[in-house]
Amino acid sequence: MQHATTLSQPSASAESSRARLRAHFSKYALPYLLILPSLLFLAAIEFYPLGVGISEAFKYHNRVQPWATRFVGFGNFIQALQSHDVRQALRTSFVMVTGIVGFSYLLGLLAGLLLNQKVRGRSIYRALILVPWIAPPIMAYISWQWMLNDQLGTINRTLMAIGLVDPFDPIIWLADPALAMLSVIVVGTWFRFPFMMITVLAALSAIPDELHEAAALDGATAMQRFRDVTFPLILPVSIIAILLQAIWTFNDFALTFVLTGGGPANATTPLILMAYREAFQRFNIGYGTALAVISLVLMLALGSVYLRLQARQEADS
Amino acid sequence: MTQKFASRRHALDHGFLTGTLTQTWILALPCKRLHGNAGRMEPGRGRTGFRPIDKEVAVTNLKVRHSQLQRLIALVAVLALLFPVIGRAQEEEEPQVTPEPTVAPAEDAVQLQYWDMQWGSPTFMAALQNNVTEFNRTHPDIHVTFTQLSWADYMQKILSAIQSGNPPDISGGDSGIAFNMAAQGQALDISDLYAEWEADGTLEDMTDWAHEKWDWNGMRPGVTWQFDSRAFFYRKDLLEQAGLEVPTTWDELMAAAQALHNPEEGIAGIAIPGKQGSYDTDQFWMTLVLQAGGGIADAEGNLAIDSPANLEALQFEKALVDCCTARGTPSWTFTEVLRAYEQGQAAIAFGGGWFIADIQQNAPEIFENTGILPVLVGPGGEEAAHIVSFANPWMIYNQTEHPEEAKVFLRWMMEPENLRKLYEAEPGAKWPVYESLVDAPVYQENELLTELARQTVENGVDYWYPNNAAAVGIGSMGTSLTDLIVNPVITGNRAPEDALRDAQAQLEPLFQRPES
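If you're matching them up, the sequences are chains A and B in order. Note that our numbering has the first sequence beginning at 20, numbered continuously upward. Note that our numbering has the second sequence beginning at 210, numbered continuously upward.
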């Protein structure tokens, strides 16, 4: 009897959930029908390529060795994680992201705070600071590459002209591993800080002036007002901007591809550049895709933090 | 390579416009933020010492400021947009060859698609289009449509077209494309064309490497239509002042570079490319490899990077870099090499044939004192005295529905008279595959052109030499030779022996063949 009861309970429960589902779909048939084309479109251009891409990561697949294509399970991932070059590329990616996002936030914060003041010509400064972000990245990076040229670049030429650099011993910005990484971080920061500035400015202008006035009346110094009023209020937006920048910087293939080519001696080769070389230069689609999937997983982790923070902010507001 | 620079500029032009337009929406952001301050307090008046600003006045003020800011932003954006456009307009030369009007296809004409790279200046591309037009005019039953590909993404485009069952009928590409397509079963065997060329004496006029390279795996997947040659340019005046003879061997090259290297005067003994991720960098080492009697693969098609000859070449390059180049060499491509030479900052420069026209145009005084070194004799002896000349092919695709018509077109394009028109369009950028064309007027314009044309037909080979059994592997290395071997060694981060050993291990999977 007991046995019969335990069997019939799930069966009834399943029946009722099926009924609920039927009722749900009959009630919302029209909305589902309306979003169906979008879903199909998304499936065709997003989910299908993503699925194919991920499946490639589990194969040995080289375009010019079609006869050798085979399923290798996690072989590509194991090979990647055991590779010294991949570990170095991950370190490089981490250093780049930390440096570029960190400095661009600091610079953006500083510029935002300054341009939030009532200074003459503020609009002009705001517009001018946006120029790095308006410029197409490839053009900007090529220009920087020329400016950083050791013998003929504007930067060394200027330093030579004012006597800071020996003309016969120029600074080799892109040929020394440490300086090349510094150059990458400087150029990346230059390109990205306007976004941070805009975000900070937006957050700053949402802070009611009364809060600052009240704090000032209470005798708070400018530093105290920034620490206890301004910064806590722009922090949520800042965190989201930092996360977004981290994702974009991690996936910024053009910066190192154009500026340093990943060198010297792989010192500026991030994971995304390594994935490109494997897939499109060596035609090693399987391994290149595995590297891209590793990158995707890391970015999904950052993305999930971003989504959680955004949801919390929406709940708070 | 010239074609790479040219294509990069092309990509820039297009990328700039779309990139700017898609990003300008963001300009609205700071303007919107200004509205957020409407109705704020102004110090000095009111209940708590603050006076509320009249809201209408504030909004009007903000609107005025908004429109001023918008105008400013628009001005900056327009200036940013125009700047490179103006730059380009000044930089571009007027094409010397103007494209002729294309011919409308006859109703029943067989339609062929011909895709090729952006091989050089607008002048050259106009000449290529003119050849196609001329073919269409003289062959009314066949109509060829020419499509230009960018170096930035040509392989993705061709592979996508193949995947979708819609590749071109005929195409050009990099110097290994025909092998890579053959490995994927996409290249048509044109052995019958070779038989015709052998019968009519065409092959006899063709340099050996131009056709031997494509004798692969029992088939002929392509044919060379032009060489892209490398050379050592040197300053005759500096050599003369130093009382040195023109170097003819590695030892003499080293001695000359050491003698002419003068950092105090800002002159490097020799300028070579060394940047990671660049196709330019490995070309100097490969020149040395060939002259040392080495190669990428052995006669059986196995990878043979880690060979004594290749090691000797690498050690020689490392020694040259250490003693006689600018410190920034590991970040240099041919662009920097050429600029350094033109500005009098290098006594010897390793570069491509396009250097000749560039030096002539931009540094006429230096051009007068420039010579091309004879092909150097290295450890491989006279037999191995080679220069790197990339043999760039045309090929027909297996999926074509009109193989016979495609062959008619290819045969016509390969006629010496038609190739000559292309070589003339951009002197020094393309080198002849026919020995008879060495005497063409275009190669008699100056002694540099004459010398390099001679070296190309007598000594020019590329990475697939001395055999092409490993053709597919060699064609799929990308910038591996640069990234794994040359750049790490010249920066002092890897010992030559270790770099070669690691490269051997890492690249071996690319050289697998079905039978292994």
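Note that the Cβ used here is the ideal one computed from N, Cα and C, for glycine as well. None of these values were measured; they are calculated from a predicted model.
Over what stretch of residues does the beta strand (DSSP E) that includes residue i continue unbroken?
i: residue 325 of chain B; result: 319 to 326
i: residue 358 of chain B; result: 351 to 358
i: residue 603 of chain B; result: 596 to 605
i: residue 579 of chain B; result: 579 to 581
i: residue 558 of chain B; result: 555 to 561
Would you verify that the beta carbon of residue i is, or is not, closer than 9 Å to some beta carbon of chain A?
i: residue 710 of chain B; result: no
i: residue 687 of chain B; result: yes
i: residue 713 of chain B; result: no
i: residue 692 of chain B; result: yes
i: residue 484 of chain B; result: yes
i: residue 571 of chain B; result: no
i: residue 608 of chain B; result: no
i: residue 444 of chain B; result: no
i: residue 545 of chain B; result: yes
i: residue 423 of chain B; result: no
Give a yes or no on whether the minimum CB-CB distance between residue i and chain B is below 9 Å.
i: residue 365 of chain A; result: Only positions 20 to 336 of chain A appear in the structure, and residue 365 of chain A is not among them; the question remains open.
i: residue 199 of chain A; result: yes
i: residue 108 of chain A; result: no
i: residue 301 of chain A; result: yes
i: residue 95 of chain A; result: no
i: residue 170 of chain A; result: yes
i: residue 76 of chain A; result: no
i: residue 86 of chain A; result: yes
i: residue 244 of chain A; result: no
i: residue 270 of chain A; result: no
i: residue 82 of chain A; result: yes
On a Cα-Cα basis, can you pick out the residue from the options that is closest to residue i?
i: residue 688 of chain B; options: B:486, B:670, B:517; result: B:486
i: residue 566 of chain B; options: B:463, B:363, B:704, B:576; result: B:576
i: residue 579 of chain B; options: B:407, B:448, B:438; result: B:448
i: residue 638 of chain B; options: B:314, B:334, B:319, B:315; result: B:334
i: residue 641 of chain B; options: B:539, B:433, B:612, B:621; result: B:433
i: residue 98 of chain A; options: A:300, A:306, A:334, A:57; result: A:306
i: residue 697 of chain B; options: B:581, B:624, B:631, B:538; result: B:538
i: residue 635 of chain B; options: B:323, B:600, B:336; result: B:336
i: residue 311 of chain A; options: A:108, A:129, A:40, A:38; result: A:108
i: residue 615 of chain B; options: B:397, B:359, B:314; result: B:397
i: residue 132 of chain A; options: A:223, A:94, A:150; result: A:223
i: residue 333 of chain A; options: A:255, A:266, A:117, A:229; result: A:255
i: residue 510 of chain B; options: B:701, B:677, B:408; result: B:677
i: residue 399 of chain B; options: B:536, B:424, B:690; result: B:424
i: residue 294 of chain A; options: A:269, A:326, A:153; result: A:269
For residue i, which residues of its own chain have a beta-carbon under 6 Å away from its beta-carbon, when the five flanking residues on both sides are left out?
i: residue 191 of chain A; result: 169
i: residue 712 of chain B; result: 514, 693, 694
i: residue 684 of chain B; result: 385, 388, 389
Under 8 Å Cβ to Cβ from residue i, same chain only, skipping five residues before and after it: list those, please.
i: residue 301 of chain B; result: The predicted model places residue 301 of chain B with a pLDDT of 43, which falls under 50 and marks its position as unreliable; any figure quoted below should be read in that light. For residue 301 of chain B, where only same-chain residues beyond five positions count, the Cβ hits under 8 Å are 331.
i: residue 247 of chain A; result: 234, 239
Evaluate residue i with the Cβ neighbour count: other Cβ atoms within 10 Å of its Cβ, from every protein chain shown; 16 or more gives buried, anything less gives exposed.
i: residue 401 of chain B; result: exposed
i: residue 195 of chain B; result: Examination of residue 195 of chain B is not possible in this model, given that chain B is present from 210 through 725 alone.
i: residue 521 of chain B; result: buried
i: residue 134 of chain A; result: buried
i: residue 533 of chain B; result: buried
i: residue 199 of chain A; result: buried
i: residue 294 of chain B; result: At residue 294 of chain B the pLDDT is 37, less than 50, meaning the model places this residue with poor confidence; the figure from the coordinates comes in the next sentence. It is exposed - the Cβ of residue 294 of chain B has fewer than 16 other Cβ atoms within 10 Å.
i: residue 243 of chain A; result: exposed
i: residue 523 of chain B; result: buried
i: residue 320 of chain B; result: exposed
i: residue 234 of chain B; result: Because residue 234 of chain B sits at a pLDDT of 32, beneath the cut-off of 50, its placement in the model cannot be relied upon, and the point is left open.
i: residue 365 of chain B; result: exposed
i: residue 137 of chain A; result: exposed
i: residue 516 of chain B; result: buried
i: residue 110 of chain A; result: exposed
Taking the alpha helix (DSSP H) that residue i belongs to, which residues open and close that run?
i: residue 74 of chain A; result: 67 to 75
i: residue 136 of chain A; result: Note, residue 136 of chain A: premise wrong, no alpha helix (DSSP H); not H, not E.
i: residue 538 of chain B; result: No alpha helix (DSSP H) contains residue 538 of chain B, which DSSP labels as neither H nor E.
i: residue 620 of chain B; result: 612 to 622
i: residue 324 of chain A; result: 304 to 335
i: residue 707 of chain B; result: 705 to 716
Are there any heavy atoms of the ligand MN lying less than 8 Å away from the beta-carbon of residue i, as far as the coordinates show?
i: residue 575 of chain B; result: Here there are no bound small molecules, and the ligand MN is not part of this structure.
Exercise. At a Cβ cut of 7 Å, what residues of the segment 460 to 486 of chain B count as close to chain D, listed as they run along the chain?
Worked result: Included in the structure are the protein chains A and B, with no chain D among them.
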